[in-house]
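Colleague: For reference, the structure I am asking about is given below.
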Amino acid sequence: MTAIHFASARQQAAMIAKGEIGAEELLDHYLDRINKYNGDLNAVIWMDEEMARKRARETDAARIRGERLGPLQGVPMTIKESYNLVGSPSTWGNPAWKDHFPEENALSVQRLLDAGANIFGKTNVPFMLADWQSFNDIYGTTNNPWDLSRTPGGSSGGSAAAMAAGLSGIETGSDIGASIRNPAHYCGVCGHKPTYGVIPGHGQKPPGIVADSDIAVLGPIARSAFDLEIALDVMAGAGRPQNAAWKLDLKPARHRRLSDFRIGLMTAAEGFDVDNDYQAALNSIADKLEAAGAKVDRNARPDIPIDAAYETYILLLRAATSGALNEEQLERFRKIAAEADADDKSYLTLMARAGTLPHKEWLRINNERHLMARKWQAFFTDYDILICPAAAGPAFPQNQAGERQDRMIDINGTLQPSTAQMFWAGYSNMVDLPSTVVPAGITPAGLPVGLQAVAAFGEDKTSLKLCQLIEEAFGGFTPPPAYS
Numbered sequence: 002m003t004a005i006h007f008a009s010a011r012q013q014a015a016m017i018a019k020g021e022i023g024a025e026e027l028l029d030h031y032l033d034r035i036n037k038y039n040g041d042l043n044a045v046i047w048m049d050e051e052m053a054r055k056r057a058r059e060t061d062a063a064r065i066r067g068e069r070l071g072p073l074q075g076v077p078m079t080i081k082e083s084y085n086l087v088g089s090p091s092t093w094g095n096p097a098w099k100d101h102f103p104e105e106n107a108l109s110v111q112r113l114l115d116a117g118a119n120i121f122g123k124t125n126v127p128f129m130l131a132d133w134q135s136f137n138d139i140y141g142t143t144n145n146p147w148d149l150s151r152t153p154g155g156s157s158g159g160s161a162a163a164m165a166a167g168l169s170g171i172e173t174g175s176d177i178g179a180s181i182r183n184p185a186h187y188c189g190v191c192g193h194k195p196t197y198g199v200i201p202g203h204g205q206k207p208p209g210i211v212a213d214s215d216i217a218v219l220g221p222i223a224r225s226a227f228d229l230e231i232a233l234d235v236m237a238g239a240g241r242p243q244n245a246a247w248k249l250d251l252k253p254a255r256h257r258r259l260s261d262f263r264i265g266l267m268t269a270a271e272g273f274d275v276d277n278d279y280q281a282a283l284n285s286i287a288d289k290l291e292a293a294g295a296k297v298d299r300n301a302r303p304d305i306p307i308d309a310a311y312e313t314y315i316l317l318l319r320a321a322t323s324g325a326l327n328e329e330q331l332e333r334f335r336k337i338a339a340e341a342d343a344d345d346k347s348y349l350t351l352m353a354r355a356g357t358l359p360h361k362e363w364l365r366i367n368n369e370r371h372l373m374a375r376k377w378q379a380f381f382t383d384y385d386i387l388i389c390p391a392a393a394g395p396a397f398p399q400n401q402a403g404e405r406q407d408r409m410i411d412i413n414g415t416l417q418p419s420t421a422q423m424f425w426a427g428y429s430n431m432v433d434l435p436s437t438v439v440p441a442g443i444t445p446a447g448l449p450v451g452l453q454a455v456a457a458f459g460e461d462k463t464s465l466k467l468c469q470l471i472e473e474a475f476g477g478f479t480p481p482p483a484y485s
């Protein structure tokens, strides 16, 4: 039997509704585990036990009265630090914002509370949510529960670490550069990056910013793909004032049986190597899918040049984040861009060009993005899903030295810039597609890896359904040994 702390949020809510466990009892259980394990992990960085206990007691009383309970009623949960929650800090790991306490809940947070979730804490992030590690000068470093010397990923690293270690019932993340998908992959849990715009970005922005960012989305992190769908349904829907004009109606999943799915498999890309053990895990899943009757094409991919996809994504990504640059950084980028050779496509040069783009050039790049989106649309007429990596390999050792683009990781015995693996972040994300990450196995070195299932625009339910079927057929979340 699954230990209650590793049970899905769906199971926990059902047990609370049946009176098999009290909401306050379950909250106490998670608080005990945080007291025991969080010292080494540093995943949970803020808690409000008093408010959470009040909500838990209200849930227990409501159940006794026979009231109808919400889909997440009583489930203790933590949320990513960058989400606005009244009474809590929302700093984005930036010391300049250490005293920022929002006065209004993020819309998605309010929807979770309205669905009965008992939000009792927040989890760690990297500075400005801009790394595949999770460390900052306010809260310190979060570690991976599978190996404390390794990164849990980022920027939702605290979220995924808390899920894997059994410190919370369900979690939230945000994603502009795989910040949901990467930590889910590194920590062996599940994450869903929705179609752009499906979940409103209200209340998950830096202080003073109200405009939505290009590419960026919000989404859930969980131990079960079924929980991802429950949380998506709760969090999704038009924001304000858009709700005056439209109502969300996501398409149902294309299929409900593995044998009906048409799947493209892409385990590596030219110029972007992927760890051999990770590729083996993806191929093993593909073998199982074929044995279950699914059609798997191991050569299928959208008709888009790989290098062009990477360059377009990095330019759009770093243009989207350029508003945070100060004048000194801008001047540095202007100098780098001016002195670089025309064919220099290194990450730093692309970042410098993106940060100083004339709007006319951005419009050209944006048009390239939309042409690529049409190629993806054509791909999904023949296939239902593309399965691909979420990163170049499993979680890498913590490395906080220097700038991100200068840090190297070992892939198949060769050092490569850690930023090269961002190809897998942007390939589908820059064209606004949904993708779901679920566990795909454990490497011989004892590290989890996840598969990324990409679906067509607006077809979140298709990637979620495939991942739910994979979870049921082949097994899903495995707890890290030290926390079981």
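Number 150 in our numbering belongs to position 149 of the sequence shown; there are no gaps in the numbering.
Virtual Cβ for every residue (Gly too), placed ideally from N, Cα, C.
Taking the alpha-carbon positions, what's the Leu467 to Val235 distance?
Modeller: Residue mapping note: residue 467 aligns to position 466 of the sequence shown, counting from 1. Residue mapping note: residue 235 aligns to position 234 of the sequence shown, counting from 1. Spanning the two alpha carbons is a distance of roughly 20 Å.
Colleague: Counting only runs of 4+ residues fully inside the region 406-443, write out the alpha helix (DSSP H) ranges in chain order.
Modeller: Taken in chain order, the unbroken stretches of alpha helix (DSSP H) that lie wholly in the region 406-443 and span 4 residues or more are 424-430.
Colleague: Is the beta carbon of Ala392 closer than 7 Å to that of Gln417?
Modeller: Start at 1 with the first residue of the sequence shown, and residue 417 comes out as number 416. Start at 1 with the first residue of the sequence shown, and residue 392 comes out as number 391. Contact: no.
Colleague: Compute the beta-carbon to beta-carbon distance between Gly477 and Val439, rounded to the nearest angstrom, for a pair I have assumed lies under 8 Å.
Modeller: Residue mapping note: residue 477 aligns to position 476 of the sequence shown, counting from 1. Residue mapping note: residue 439 aligns to position 438 of the sequence shown, counting from 1. The C-beta separation of Gly477 from Val439 comes to about 7 Å, placing the pair in contact by the 8 Å criterion.
Colleague: Is Ala338 closer than 7 Å to Ala353 when the C-beta atoms are compared?
Modeller: Numbered from 1 along the sequence shown, position 352 holds the residue referred to as residue 353. Numbered from 1 along the sequence shown, position 337 holds the residue referred to as residue 338. Their beta carbons are under 7 Å apart, which means Ala353 touches Ala338 by this criterion.
Colleague: Between which two residues does the beta strand (DSSP E) holding Leu297 run?
Modeller: As a working mapping, residue 297 is identified with position 296 in the sequence shown. Reading the sequence as shown, one finds Val at residue 297 and not Leu. Looking at the DSSP string, the run of the beta strand (DSSP E) that includes Val297 is 296-298.
Colleague: May I have the straight-line CA-CA distance separating Thr92 from Thr3, to the nearest angstrom?
Modeller: Walking along the sequence shown from the start, residue 92 turns up at place 91. Walking along the sequence shown from the start, residue 3 turns up at place 2. Their Cα atoms are separated by approximately 35 Å.
Colleague: Rounded to whole angstroms, what's the CA-CA distance from Asn36 to Ala44? Just pull it up for me.
Modeller: Here residue 36 is taken as the residue at index 35 of the sequence shown, counted from 1. Here residue 44 is taken as the residue at index 43 of the sequence shown, counted from 1. When the Cα atoms are used, Asn36 and Ala44 turn out to be separated by approximately 12 Å.
Colleague: Can you tell me whether Ile337 is helix, strand or coil according to DSSP?
Modeller: For the purposes of this step, residue 337 is taken as the residue at position 336 of the sequence shown. It is helical.
Colleague: Do Ala53 and Leu70 have their CB atoms nearer than 7 Å?
Modeller: As a first step, residue 53 is located in the sequence shown; it is residue number 52 there, counting from the start. As a first step, residue 70 is located in the sequence shown; it is residue number 69 there, counting from the start. No, the Cβ-Cβ distance between Ala53 and Leu70 is not below 7 Å.
Colleague: State buried or exposed for Val211, treating a residue as buried only when at least 16 other CB atoms are found within 10 Å of its CB.
Modeller: By 1-based counting over the sequence shown, the position of residue 211 is 210. Flag for Val211 reads exposed.
Colleague: Measure from the C-beta of Val110 to each C-beta in chain D and report whether the shortest distance is under 7 Å.
Modeller: You won't find chain D in this structure, because it holds only one protein chain.
Colleague: Quick one: what does DSSP say Ala292 is sitting in, helix, strand or coil?
Modeller: Locating residue 292 in the sequence shown gives position 291, where the first residue counts as 1. Here Ala292 sits in helix by DSSP.
Colleague: Can you check whether the CB of Thr173 is closer than 7 Å to the CB of Ile80?
Modeller: As a first step, residue 80 is located in the sequence shown; it is residue number 79 there, counting from the start. As a first step, residue 173 is located in the sequence shown; it is residue number 172 there, counting from the start. Against a cut-off of 7 Å, the Cβ pair of Thr173 and Ile80 comes out as a contact.
Colleague: Beta-carbon separation of Leu283 and His203 under 7 Å?
Modeller: Your numbering for residue 283 matches position 282 in the sequence shown. Your numbering for residue 203 matches position 202 in the sequence shown. No; because the gap between Cβ atoms is not below 7 Å, this pair is not in contact.
Colleague: Give me whichever residues DSSP pairs with Cys389 in a beta bridge.
Modeller: To locate residue 389, count along the sequence shown from 1; it is residue 388. DSSP lists Gln453 as partners of Cys389.
Colleague: Which value, in whole angstroms, describes the spacing of the CA atoms of Val218 and Asp138?
Modeller: To locate residue 218, count along the sequence shown from 1; it is residue 217. To locate residue 138, count along the sequence shown from 1; it is residue 137. Cα to Cα, Val218 sits roughly 25 Å from Asp138.
Colleague: Between Arg258, Tyr428, Leu32, which lies nearest to Gly122 when the distance is taken from Cα to Cα?
Modeller: Taking the sequence shown and counting its residues from 1, one reaches residue 122 at position 121. Here the closest residue by C-alpha is Leu32.
Colleague: Tell me Glu172's beta-bridge partners as DSSP assigns them.
Modeller: Translated into the one-based positions of the sequence shown, residue 172 becomes position 171. In the DSSP assignment, Glu172 is bridged to Ile222.
Colleague: Relative to the C-alpha of Glu362, which candidate in Thr313, Thr463, Gly294 has its C-alpha closest?
Modeller: One-based indexing of the sequence shown puts residue 362 at position 361. Taking only the C-alpha atoms, the option nearest Glu362 is Thr313.
Colleague: Find the nearest neighbour of Ala320 within the set Leu349, Ala10, Ala301, judged by alpha-carbon distance.
Modeller: Position 319 of the sequence shown, counted from the start, is the residue given in the question as residue 320. The shortest C-alpha separation from Ala320 is found at Leu349.
Colleague: Using 8 Å as the cut-off, can you tell me whether the region 53-62 makes contact with the region 149-161, which would need three or more C-beta pairs spanning the two stretches below that distance?
Modeller: no
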